[in-house]
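As structure tokens, the structure follows; a few thoughts come after it.
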Amino acid sequence: MSRFRIFGTTFWGLEDLAAAEVSQLLGTDVEADVAKVFAECDARGLAELVFSTRSLNRVFLQLVRTRFEGLDDIERAVREVDFQQLMGRDQSFGVEAERHGTHPFTSMDVASRVGRAVIESCLSSSGWRPRVDLKSPDVPMYALVRDDEFLLGINLTGPSLHKRFYRVADVRSTLPPTLAFLMVMFSDWNENGCLLDPFCGSATIPIEAALYAMRVPPNAYRRREEMPVFRLKFIEQEVLEEALARLRSSERRWLRPRVYGTDVSPRAVDAARRNVAAAGLEGVVRVELADALNLERWEGVAELPERVHVVTDPPFGIRMGLSDPYGFYLRAFSSVRRAIREPRLVAIFSKQAIALRALGDSGWNVSEVRRVKYGHLEVALIRAEA
Ligand SMILES: C[S@@+](CC[C@H](N)C(=O)[O-])C[C@H]1O[C@@H](n2cnc3c(N)ncnc32)[C@H](O)[C@@H]1O
Numbered sequence: 037m038s039r040f041r042i043f044g045t046t047f048w049g050l051e052d053l054a055a056a057e058v059s060q061l062l063g064t065d066v067e068a069d070v071a072k073v074f075a076e077c078d079a080r081g082l083a084e085l086v087f088s089t090r091s092l093n094r095v096f097l098q099l100v101r102t103r104f105e106g107l108d109d110i111e112r113a114v115r116e117v118d119f120q121q122l123m124g125r126d127q128s129f130g131v132e133a134e135r136h137g138t139h140p141f142t143s144m145d146v147a148s149r150v151g152r153a154v155i156e157s158c159l160s161s162s163g164w165r166p167r168v169d170l171k172s173p174d175v176p177m178y179a180l181v182r183d184d185e186f187l188l189g190i191n192l193t194g195p196s197l198h199k200r201f202y203r204v205a206d207v208r209s210t211l212p213p214t215l216a217f218l219m220v221m222f223s224d225w226n227e228n229g230c231l232l233d234p235f236c237g238s239a240t241i242p243i244e245a246a247l248y249a250m251r252v253p254p255n256a257y258r259r260r261e262e263m264p265v266f267r268l269k270f271i272e273q274e275v276l277e278e279a280l281a282r283l284r285s286s287e288r289r290w291l292r293p294r295v296y297g298t299d300v301s302p303r304a305v306d307a308a309r310r311n312v313a314a315a316g317l318e319g320v321v322r323v324e325l326a327d328a329l330n331l332e333r334w335e336g337v338a339e340l341p342e343r344v345h346v347v348t349d350p351p352f353g354i355r356m357g358l359s360d361p362y363g364f365y366l367r368a369f370s371s372v373r374r375a376i377r378e379p380r381l382v383a384i385f386s387k388q389a390i391a392l393r394a395l396g397d398s399g400w401n402v403s404e405v406r407r408v409k410y411g412h413l414e415v416a417l418i419r420a421e422a
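First residue of the sequence shown: 37, per the numbering used here; consecutive thereafter.
Okay, structure coming up:
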């Protein structure tokens, strides 16, 4: 069976956790790099990875990985790829480029030089000129320039995998599910434990935790048109179908992990319940109305075991009505300690210093802080024990 080199993109600051997930799925060593991971696998591994990964936003077949000095080096490296193996004669391709660092050229320059190199490579080896379609190419290529590193890949998974099948209702400031899953990993929660998100919003964290425990492969429920992997000629379609069948038959829908979400907003509770239902998790993830500042008044507290993993994304900023974040976090995290005997906390904050002060003043011992970037935001992921 042929071997493939692949890479996947994830969140800056959490690459080691994403690498651990991919390594577990593929059963091989995985290299963690800036905001991405690299691995090698066979077609079966590749198929299982694209349907199962929870931590990667996109998965690519790697075509080129090299250092460069100028655009000419990039063009030369791309021309060496045998694109005939990768694209059918009836298929179109398109190049999307991303650039990080200081360069005398733009990402558009990269995209057009790569596109030209793809065409010239095909023309010189067989006289065939592949068709370009920048809007919806059959073979979407992705070129990434970071400082002096150049990467070229074929996007196997399409639009970011954080767009999950179950999201039918949103609240303001939803967390990307891929990041929510990485928070669950960071908390060391597993199916035997109890998980509570007291600021659950649309229930992203509880849903990701439950799907993980029940081994539901989140990307197996995407629309096929969204996943380029179904159109690519170098991957046998039977291998994809077999992987889908295997993954679906290993789902543990019978499992009843203890996963709770609460929120003070009736609108959020409604959105959360709709997402829970769309995820097929009714009767598994319990979502209720409760004020995290007085969590001990929530009647569900009586059902919780002594040890609870509290994994949460509390509100932040004036926009969410938080004029005194220190006072709010102090009350919230004191209330969690009063309601739960042995809480373990993983929470994400935009204001690290304020969060650390409030946690310290409400009796928590912080064991790890991670700086994480997503989009243009830089946030802190904090783990603490009471
Ligand atoms: C950043 S959002 C959480 C978003 C969530 N992670 C998601 O992906 O949808 C914060 C949530 O905290 C809720 N919230 C604000 N004050 C609260 C309180 N005192 N008790 C419980 N929830 C509260 C808001 O209603 C909002 O849904």
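Virtual Cβ for every residue (Gly too), placed ideally from N, Cα, C.
Proximity test, residue i beta-carbon vs ligand 1 heavy atom, cut-off 7 Å
i, result
"T214", "no"
"Y237", "Strictly speaking, residue 237 in this sequence is Gly, with Tyr absent from that position. Checking every heavy atom of ligand 1 against the Cβ of G237, one is found closer than 7 Å."
"T138", "no"
"S157", "no"
"P379", "no"
"L211", "yes"
"I241", "yes"
"P302", "no"
"P176", "no"
"V207", "yes"
"D299", "yes"
"P293", "no"
"D349", "yes"
"P234", "yes"
Proximity of residue i and residue j at Cβ, strictly below 8 Å
i, j, result
"V86", "E51", "no"
"D174", "R267", "yes"
"F129", "L417", "no"
"M219", "I384", "yes"
"V323", "V300", "no"
"F270", "L122", "yes"
"S398", "F352", "no"
"V19", "A55", "Lying before the first or after the last residue shown, residue 19 is absent from the chain, which here runs from 37 to 422."
"G49", "L92", "no"
"P213", "N191", "no"
"G237", "D69", "no"
"C230", "L340", "yes"
"T46", "A71", "yes"
"L82", "F119", "no"
"F186", "V100", "yes"
"Y410", "L215", "yes"
"F96", "Y178", "yes"
Buried or exposed (CB count within 10 angstroms, at least 16 for buried), residue i
i, result
"A308", "buried"
"M144", "exposed"
"R288", "exposed"
"L232", "buried"
"T138", "exposed"
"V265", "buried"
"P140", "exposed"
"L291", "exposed"
"W334", "buried"
"L53", "buried"
"R125", "exposed"
"T193", "buried"
"P361", "buried"
"E404", "exposed"
"G189", "buried"
"W164", "exposed"
"V204", "exposed"
Cβ-heavy atom distance, residue i to ligand 2, below 7 Å
i, result
"A328", "Ligands present in the displayed structure are limited to ligand 1, and ligand 2 is not among them."
Sequence-distant residues of the same chain with beta carbon closer than 7 Å to residue i, five excluded per side
i, result
"L61", "E84, L85, S88, T89"
"E414", "R407"
"V321", "A239, P242, I243, A246, V295, G297, V312"
"A368", "A328, L329, P350"
"P195", "E262"
"R94", "G44, T45, N191, T193, S196, L197"
Residues near residue i by beta carbon distance below 6 Å, same chain, minus five either side
i, result
"R380", "H345, E421"
"E342", "R377, E378"
"A375", "L331, E332, V337"
"A153", "E111, V114, R115"
"C158", "F119, W164, P166"
Cutoff 8 Å; reference residue i; Cβ partners in own chain excluding five residues on either side
i, result
"Q273", "F266"
* May I ask you to verify whether the stretch 246–255 touches the stretch 189–206, counting CB pairs closer than 8 Å and requiring at least 3? => The stretch 246–255 vs the stretch 189–206: in contact.
* On the three-pair Cβ rule with 8 Å, is the stretch 108–123 touching the stretch 147–164? -> The stretch 108–123, when compared against the stretch 147–164, does touch it at the 8 Å Cβ threshold.
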